[in-house]
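Participant:
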Amino acid sequence: MPTPYPKNVPGDFYVEDKCCLTCNIPIDIAPDHFTMDDQQCYVSRQPQTPDELDRTLLAMNSQEVDCIHYRGEDREVIRRLVETGEWCSVDNPTRRFFEQRLRNVARVTAPGMTTWTLLTQLFEKPLMSRDYYEGRPSYRFSQFTESEHGVMVQITWHEDWHALTVTRIADDMFLFRLKAAHRGERGFSRLIHHWLKDLPIVSDVQWLSQDEFDKGLPGQPAPD
Ligand code: SF4
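Going from the sequence shown to our numbering is simple: count from 1 and add 30.
1. Are the beta-carbon atoms of P253 and W237 separated by less than 8 Å?
2. Would you kindly work out how many angstroms separate the C-alpha atoms of T144 and P40, rounded to a whole number?
3. Does DSSP classify V112 as helix, strand or coil?
4. R220 and L88 look like a contact to me (Cβ under 8 Å); what is the Cβ gap, rounded to whole Å?
5. Would you kindly work out how many angstroms separate the C-alpha atoms of E178 and D244, rounded to a whole number?
6. Is T86 near ligand 1, with its Cβ less than 7 Å from a heavy atom?
7. Once you ignore the five residues that flank R255 on each side, which residues in its own chain have a CB closer than 7 Å to its CB?
8. What is the DSSP secondary structure of T197, counted as helix, strand or coil?
9. Under 8 Å by Cβ, that's how I've got H188 and E94 pegged, so tell me the actual separation to the nearest angstrom.
10. On the DSSP bridge list, what partners appear for Q236?
11. Can you round the beta-carbon distance between L132 and R216 to whole angstroms, since I take them to be within the 8 Å contact cut?
12. Given this structure, state the Cα-to-Cα distance separating K209 from Q240, to the nearest angstrom.
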């Protein structure tokens with residue numbers, strides 16, 4: 031079992047001791063729950079609400095190495111973590127009952143939007159977001175490119191660039207396909223989901239794995 035850093039507050043989430051690459055990601059994503067000292071980050075407040083839990087899990091999905099751990103017994107939290115690839119971050123042995131499932135395809139219902147207006151509104155807030163410590167932009171975006179597959183843009187919040195392609199598939203429906211680099215793929219689905227949730231013009235989002243999409247299965251309202 032990993033050794034927790036001594037400054038973690040008691041609770042189910044903790045950061046491992048001597049594991050830090052100073053990625054700073056938890057501080058940017060969940061500053062109410064993680065604090066950085068001169069050694070590494072640690073859990074300074076455990077999540078209490080569903081939104082806070084989402085933020086904490088997003089930080090876990092986005093971290094560069096598996097420093098943040100879950101030692102609790104909540105089956106739903108364990109399922110979400112394992113399905114999003116955080117098997118190594120779950121200490122509880124019941125993690126073996128679940129398997130990884132990356133949901134990186136989303137059917138998005140947004141009446142009255144074009145692909146361009148939807149993307150413009152989607153990125154409006156993230157473009158203004160600033161790094162917690164240094165005030166730099168939290169996210170960087172490539173130029174948009176348009177092809178027969180739709181509109182593609184690349185996004186980064188650290189080093190890796192992740193691609194989002196949006197295709198209009200009906201008057202009021204868009205298909206989002208996410209292709210993330212390296213470990214960021216889990217966090218990328220969550221991040222786009224959070225941005226979509228904040229948009230009043232989006233009336234429904236259904237997330238699917240590629241396999242579920244290919245089989246024509248219904249999606250679920252969140253990527254995990
Ligand atoms: S998540 Fe890990 S690498 Fe990133 S700041 Fe925290 S301890 Fe360091």
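Note that the Cβ used here is the ideal one computed from N, Cα and C, for glycine as well.
Facilitator: Looking at the coordinates:
1. As a position in the sequence shown, residue 253 is number 223, starting the count at 1. As a position in the sequence shown, residue 237 is number 207, starting the count at 1. Yes, these two residues count as a Cβ contact at 8 Å.
2. Position 114 of the sequence shown holds residue 144. Position 10 of the sequence shown holds residue 40. One C-alpha to the other measures close to 48 Å.
3. By one-based count along the sequence shown, residue 112 stands at place 82. Helix.
4. Along the sequence shown, read from residue 1 onward, the residue named residue 220 stands at position 190. Along the sequence shown, read from residue 1 onward, the residue named residue 88 stands at position 58. Confirmed, Cβ separation roughly 5 Å.
5. Within the sequence shown, the letter at position 148 stands for residue 178. Within the sequence shown, the letter at position 214 stands for residue 244. Rounded to whole angstroms, E178 to D244 spans 19 Å at the Cα level.
6. To locate residue 86, count along the sequence shown from 1; it is residue 56. False, no ligand heavy atom lies under 7 Å from that Cβ.
7. Look at the range of the chain in this structure, 31 to 254, and you will see that residue 255 is not part of it.
8. For the purposes of this step, residue 197 is identified with residue 167 of the sequence shown, where counting begins at 1. In this structure, T197 counts as strand in the three-state DSSP scheme.
9. Counted from its first residue, the sequence shown places residue 188 at position 158. Counted from its first residue, the sequence shown places residue 94 at position 64. About 7 Å separates the two Cβ atoms, so the contact holds.
10. In the sequence shown, residue 236 corresponds to position 206, counting from 1. Paired residues: R137.
11. For this step, residue 132 is matched to residue 102 along the sequence shown. For this step, residue 216 is matched to residue 186 along the sequence shown. Indeed, because the Cβ distance is near 7 Å, the residues count as touching under 8 Å.
12. The residue given as residue 209 occupies position 179 in the sequence shown. The residue given as residue 240 occupies position 210 in the sequence shown. So the two alpha carbons sit approximately 11 Å from each other.
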